[in-house]
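Heads up, the thing below is written out as structure tokens.
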Amino acid sequence: MDLKEIIKPENLVYKRTECLTDKTLSYCPGCGHGTVHRLVMETVDELGIQSDVIGVASVGCSVLAYDFMDIDMTQSPHGRATAVATGIKRCWPDKFVFTYQGDGDLAAIGTGETIHACNRGENITIIFINNGIYGMTGGQMAPTTLLGMKSSTTPYGREVELMGNPIKITELVAQLAGTYFVSRQSVHTPGNVRKAKKAIKTAFENQKLKKGLSLVEIVSNCNSGWKMTPVESNKWMEENMFPFYPLGDIKVEGQLVQK
Amino acid sequence: MGELKLMKGNEAIAEAAIRAGADAYFGYPITPQSEVMEYLAAQQPHKRTGMVLLQAESEIAAINMVYGAASTGKKTMTSSSSPGISLKMEGISYLAGAELPALIVNVVRGGPGLGTIQPSQSDYFQATKGGGHGDYRLLVLAPASVQEMSDFVKLGFELAFKYRNPVMILSDGIIGQMMEKVELFDPIPRKTEINEPWALTGKSSDRKKRVVTSLDLDPYGNEKHNHELQRKYKEMEENEVRFEEIDCSDAEYLMVAYGSSARICQKAIKLARLKGIKVGLLRPITLFPFPTKQLYSYTNRIKGILSVELNTGQMIEDIRLAVNGKLPVEHFGRCGGVVHSPEEVLAAFEKIIMK
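Protein chains in written order, with numbering that gives the first Met the number 0: chain E, 0 to 258; chain C, 0 to 354.
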């Protein structure tokens, strides 16, 4: 069977969603970014908001997110994405504004901007990728790096006495009055992708309510940074990341979920 | 004639922002410029014109809110004073790199570090030579009166959009805090439509997506972008040089001073004339672009130049570059919040320049 025979409408089972561009993703094979990009753009397509959405890329592996999303976007200085998004949203209160940030960006250098945007209750969506490491710069310790976890700046494992504790920023911002929806998901299995999609869609739909900020954390692997195969890294994530960063909704409709 | 009011320089900035049709102001309190945001808050600009006013959690957040708002094509500004402006420098570099129009007001106080809250002109280098990282320039306006604090807000927005470049109003604690009569310009309505072909308005089906970024990982692309920025700065040098000359036509000497120091020198040259010394005052209004050509034109007419600044000598370097060794150029100035008197300036002039 040659390619022409394969590429026929009746054989189509899966295709690129409209708002994703044709550009080849710059992410490592096995990384979760591509899946999350797709989920965010699927959401934009399903809500029919391409002409009303403005995205903010941050600094990290996803710095070039604007190359892969067929929407108006800007690129923020490291850590400042939620401040940039605040400026956009205050000027376009009826548009959908989202940031796409990693853990170094959101939970280390941008902690101040993150907490205050959340606390003010800016009507924006934050997509937060937590892979416990600085991926782009080559695998250094992140604020979210687990105790005992090895990185290029914790080559013998993170020790609390020397490097301090990992931060659960998502639980932290859930405590703030300005957050309306806070959820932690993953995209390493089809079931988890479906749950993540639902959370992301909710986080975008919430902007219409003008009741505060919605944040979805995606706990992701970083097979390159963790020095594992993609399969190994997903297993490691389940065994090590999820116990510390448990999946599920943390705050729904402005109320903390009781566990 | 426009409405006349007795106002503080900082208040004039704020009133002019509303009248200029600004869409958004993001700030953080710092002495000696806090009246800008206080005046705005009292005016409730969201009710007057629909203008956004937001007190940010830091100067860093404020300038990045400016970056976001500016990327939507709207008229956006912030104000601060020296230590706060240092914090904004990262964002200012991004604004310049992404070619976004914005207005930044620096009501300068003494440094370095926390320095002092008193007036100073010690941020000249920072304002005119870049300040943040990378090869970029701000268009810098230096008001010498409360009137110019008001007028330059309007002018600053015009220039920022004309060149898609951040514009800085480099004021200081004297101009910010003193009260003078000001004739306010008639209000300009806020823009109802965003027509800038680069602005983030949401990708409609009839156009391609727009991306506002300062990043280009292709070195040749980045070099090209830098050359494009330099072309723009060249254009500013050709078209936007502004200065004022007082008693210069028969002058044998020049004082060069900007902002509050120029006000002091206005009196100093009068005192000099009373003693029969023919001194003129050249006051640069734009610090970048600098009145280089105009200064050079004096090289075969006068005997020397005194650069009078509220610092230890910064603008003097631009004056020396302008006259290219053809004239003696010396500096006088008090610093750290100490303000020179006209008598002090004249005495220094006689001692340093006339010898």
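Positions of the beta carbon are idealized from the N, C-alpha and C atoms, including for glycine.
- In this structure, the CA atom of Gly8 (chain C) is about 37 Å from the CA atom of Val210 (chain C).
- Chain-ordered, the chain E residues with CB closer than 7 Å to the CB of Arg209 (chain C) read Asp71.
- Taking all protein chains shown into account, Asn164 (chain C) has 16 or more neighbouring C-beta atoms within 10 Å of its C-beta and is therefore buried.
- Going by beta carbons, Val139 (chain C) and Met167 (chain C) fall inside the 8 Å limit.
- Taking 8 Å as the CB threshold, Glu244 (chain C) stays off the interface with chain E.
- Judged by DSSP in its simplified three-state form, Gly247 (chain E) adopts strand.
- In terms of Cα proximity to Pro229 (chain E), the closest of E:Thr73, E:Met0 and E:Pro28 is E:Pro28.
- In this structure, Leu270 (chain C) places its C-beta atom within 8 Å of the C-beta atom of Pro341 (chain C).
- In terms of Cα proximity to Gln125 (chain C), the closest of C:Ala40, C:Gly110 and C:Phe331 is C:Gly110.
- With respect to chain E, the C-beta atom of Gly130 (chain C) has no partner C-beta closer than 8 Å.
- Secondary structure within the region 116-167 of chain C: the alpha helix (DSSP H) runs of 4 or more consecutive residues, fully enclosed, are 123-127 and 145-162 (chain order).
- Any Cβ of chain C closer than 8 Å to the Cβ of Gln100 (chain E) would place that residue at the interface, and such an atom is absent.
- With the criterion set as a beta carbon lying under 8 Å from some beta carbon of chain E, the members of the region 196-208 of chain C are Leu199, Thr200, Gly201, Lys202, Ser203, Ser204 and Lys208, in sequence order.
- Between the beta-carbon of Lys202 (chain C) and that of Ile70 (chain E) there is about 5 Å, and that keeps the pair under the 8 Å contact cut.
- Exposed is the label assigned to Met0 (chain E), since fewer than 16 other Cβ atoms lie within 10 Å of its Cβ.
- Judged by their CB atoms, Ile12 (chain C) and Val35 (chain C) are nearer to each other than the 8 Å cut-off.
- Contact of Leu53 (chain C) with chain E by beta-carbon distance below 9 Å involves Thr85, Gly86, Arg89 and Arg119.
- The beta carbon of Gly332 (chain C) sits no closer than 8 Å to any beta carbon of chain E.
- Under the DSSP definition of a beta bridge, Gly101 (chain E) partners with E:Ile128.
- Interface residue (Cβ-Cβ distance to chain C less than 8 Å): Ser50 (chain E) is classified as such.
- Of all C-beta pairs linking the region 114-126 of chain E to the region 90-97 of chain C, fewer than three are shorter than 8 Å, placing the two stretches out of contact.
- If you draw a straight line from the Cα of Thr20 (chain E) to the Cα of Val338 (chain C), it is about 60 Å long.
- Inter-residue distance for Pro154 (chain E) and Ile123 (chain E) is about 37 Å (C-alpha atoms, whole angstroms).
- For the options E:Leu161, E:Ala80 and E:Pro142, the alpha carbon positioned closest to that of Lys167 (chain E) is the one of E:Pro142.
- Nearest CB-CB separation between Leu214 (chain C) and chain E: below the 8 Å threshold.
- Contact annotation: the region 220-235 of chain E does not touch the region 73-85 of chain E, with fewer than three C-beta pairs closer than 8 Å.
- Per the coordinates, the alpha-carbon of Ser182 (chain E) lies some 9 Å from the alpha-carbon of Ala202 (chain E).
- Taking each of E:Met148, E:Leu24, E:Lys94 and E:Val58 in turn and checking the Cα distance to Lys207 (chain E), the smallest one comes out for E:Lys94.
- In the DSSP assignment, Met50 (chain C) falls outside any beta strand (DSSP E) and carries neither an H nor an E.
- In this structure, C:Ile62 is the residue among C:Tyr66, C:Ile62, C:Ile245 and C:Arg136 with its C-alpha nearest to the C-alpha of Gly83 (chain C).
- Residues are counted here when their Cβ sits less than 7 Å from a Cβ of chain C; for the region 160-181 of chain E the count is zero.
- Counting along the chain, Thr178 (chain E) sits inside the beta strand (DSSP E) bounded by residues Thr178 to Ser185.
- Residue pairing by DSSP puts Ser306 (chain C) in a beta bridge opposite C:Val255 and C:His330.
- Linking Gln313 (chain C) to Arg282 (chain C) through their CA atoms gives a straight-line distance of about 15 Å.
- Residue E:Val215 holds the alpha-carbon nearest to the alpha-carbon of Thr178 (chain E) among E:Asp104, E:Val215, E:Gly247 and E:Asp51.
- The way I'd put it, the region 184-198 of chain E doesn't touch the region 128-137 of chain E; fewer than three beta-carbon pairs between them come closer than 8 Å.
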